[in-house]
Amino acid sequence: MKGLSRSNLMYMRAFANAWPAKVIVQEVLGQLPRVNEGA
């Protein structure tokens, strides 16, 4: 596996700390098409 240098891991950790998972999940769910629950 490539791309896991110390500096890249530090950048990934900083990104994860800056963008909580809840925010990312909400944004993804907001982009999904709605399903008609009455059908």
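Take the sequence shown: its position 9, counted from the start at 1, is 9 in UniProt numbering, and no numbers get skipped. A virtual CB, placed ideally from N, CA and C, is assigned to each residue, including glycine.
In three-state DSSP terms, what is residue i?
{"i": "A5", "result": "Correcting the residue identity first, residue 5 is Ser in this sequence and not Ala. Coil."}
{"i": "R34", "result": "coil"}
Measuring only between beta-carbons, confirm whether residue i sits less than 7 Å from chain B.
{"i": "F15", "result": "In the displayed structure, chain B is absent; only one protein chain is listed."}
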